[in-house]
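Quick notes on the structure that follows.
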Amino acid sequence: MLLIAVTGPVGSGKTTLLATLAAWSRAQGLAPDGFLARAVRRVNPLLGAAGYELEWVADGRVMPFAERSGLGRPAYVFCADTLNAARVWATGLRDEAPRPLVVLDEFGLLEARGEGHLALWPDLAAAEPEVVVISVRTDVLDAVKQRLGRPFDLVIDAGDPGAWEKLRSACREHRDWMRVGGYGAGAGGLEMSLGSALHGMKIPLRGLLMSSLQSSVMTLAGSGLGRRGRVVWVPLIAAGLKALSPAGSRLRPMLAISMQGLLYGGAVTALGWNALGVGLGGWLVGAWAASQGIVLQWLLVGEHLLRAYDALTGWVARHWHVGAPALGAVIAGWIVLWGAVAGVATLITWRRRSLPRRFQELMSRRLEGLRDPDAPPPTRRQAVLSGLRDLSRPAFWLPLLVIAAVVLAAGASWSDAAWMGVRAVTLGFLIFTAARSFEPRRLAAWLRRRGHWGPAVALEKALRGRERRRG
């Protein structure tokens, strides 16, 4: 949810700004909801009116809301029927499809004390509307924020000449980030369904297929974004969602998907959203898929991997009469070929702007069957134990044993081989433990605290992709 506060004193134009936003949203085909507090008999524009009416944004109904009580306290007497209608409305939102926009006008002294419209917030938050815009009097902004239990993602001063443009731009950006989150969930769905099945059956070239699909998903996502560079967050979100996998390998897919996004995003940012940029992005994704195993092993064992390569190529040259440069050329050619296949698949998607129906169905499954994102995050002890289990998997220790055997056969000392093993196990344990302790909702909260509401909204959208659809 994107939460925006429109602030200002009495008569600053907060209600007018919210009404303009609601009308604009309706013109965009996105039905707004909520209510506006319309002033009745306001003599002085800088003072409170003689009364207020509540106008329902969805259907235009108007209900009496408040009348001045005279010289005593409280300053206004509120209509019980209207307050009850607001509570019924908020409760009903839980059972309906999430609203694209909800406006609430306004939060003042009553809400700062925990009364009035603040009683609607728990039901409204549970309904998970996409954007909520609340008009808040400036002098109670901090108190309202504390009552809501979360910060505002954006605070806009109604008196700012650029207030309307800021508000409209935020809503437009929100659409981009919702698209990113939806495709991030779809990319995660491909990884969890098709990717897991291919990995379990040990299908050859499964990495090439999955990298081509992930590149195609990024292409589809980017084609509808106002800012194409945001497409890099699609695979980053999919990689983060991999942390919710209840079992199995996490680290390698998380690293692979993240790197794919950075490479693809770098290509389209540098060359633009055209055939060259998209094609190069796809090529880089495929090339990375072919070479990631080598890169990961080099991170774990360092120069010992190069020594093992030298020893292996020397043995091949002596026994099979194949020169070492020729073996290197084969590896390079293999990487180039994978990149070419992924690049062509990406360009086809770019031209057609769609995936085959079967892959679309797999994307729509998203994150079903994964660990509940609302469940308590792993404790430090659980993350450590999971990291130790990851070290025991053949996918980790078997390549390590092969490399150690090769370097020992080439004349390396046992101490060098032992040091290589210690380094690999230590780095592997730290990385595996970090991956196991990763929690997407913590990341979303961290992004919000630092003002990056866009990626936080996208990640929350992806997490909601696994839940039961409303309506």
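Numbering-wise (the working numbering), the sequence shown opens with residue 506 and increments by one. The beta-carbon is built from N, C-alpha and C at its ideal position, and this holds for glycine as well.
Under the DSSP assignment, W561 falls in the beta strand (DSSP E) whose first and last residues are G556 to W561. Linking H704 to R711 through their CA atoms gives a straight-line distance of about 7 angstroms.
By the Cβ test, the segment 679–698 is not in contact with the segment 768–786, since fewer than three Cβ pairs between them sit closer than 8 angstroms. The segment 649–661 makes no contact with the segment 524–533; the number of CB pairs closer than 8 angstroms stays below 3.
With fewer than 16 other Cβ atoms inside 10 Å of its own Cβ, K707 counts as exposed. Take V835, set aside five residues on each side of it, and no residue of its chain has a beta-carbon closer than 7 angstroms to its own.
When the alpha-carbon of P514 is set against those of G786, R618, P569 and I661, the nearest one is in I661. When secondary structure is reduced to three states using DSSP, F570 falls in the strand class. Per DSSP, L860 lies in no alpha helix (DSSP H) segment and is marked neither H nor E. In the DSSP assignment, T587 falls outside any beta strand (DSSP E) and lies within the alpha helix (DSSP H) extending over A585 to L598.
I936 sits in a helix when the DSSP states are folded into three classes.
Per DSSP, R618 lies in no beta strand (DSSP E) segment and is marked neither H nor E. Inclusion of G556 and F540 in the CB contact set at 9 angstroms is not warranted, their separation being larger than that value.
Residue pairing for T724: DSSP places it in no beta bridge. Under DSSP, P537 shares a beta bridge with L606. Excluding five sequence positions before and after V911, the CB atoms of its chain that fall closer than 7 angstroms to its own CB belong to A813, A816 and L817, given in chain order.
Proximity to Q797 across R823, W820, V783 and L760 peaks at L760, based on C-alpha coordinates.
Per DSSP, I742 lies in no beta strand (DSSP E); the unbroken alpha helix (DSSP H) holding it starts and ends at W738 to L746.
V637 is classed as buried because its beta carbon has at least 16 other beta carbons within 10 Å across all chains shown.
Proximity to E572 across T587, E670, V907 and P666 peaks at T587, based on C-alpha coordinates. Judged by beta-carbon spacing, Q765 lies within the 9 angstroms limit of M723, meaning their Cβ atoms are closer than that value.
Bounds of the beta strand (DSSP E) holding T512 are L507 to G513. W843 places its beta carbon less than 9 angstroms from that of L713. Here A780 is near L852, since their CB atoms are less than 9 angstroms apart.
Here A663 carries a coil assignment [DSSP, helix/strand/coil]. Straight-line spacing of the CA atoms in R531 and V607 works out to 12 angstroms. In the three-state scheme derived from DSSP, where H, G and I count as helix and E and B as strand, S716 is classed as helix. Between A675 and I799 the beta-carbon gap is near 44 angstroms, outside 8 angstroms, which marks them as no contact. DSSP places V649 inside the alpha helix (DSSP H), whose first and last residues are L646 to L653. Of the residues assessed, H679 falls on the buried side of the cut-off, its CB having 16 or more other CB atoms within 10 angstroms. Inter-residue distance for G613 and P537 is about 22 angstroms (C-alpha atoms, whole angstroms).
DSSP, reduced to helix, strand and coil, places R733 within a helical segment of the structure shown. Bounds of any beta strand (DSSP E) do not take in S674; it lies within the alpha helix (DSSP H) bounded by A668 to L695. Between A631 and G693, the C-beta gap is not smaller than 9 angstroms, which leaves the two residues out of contact.
In the displayed model, A544 falls within a strand according to three-state DSSP. A straight-line Cα-Cα distance of about 55 angstroms links L609 and S897.
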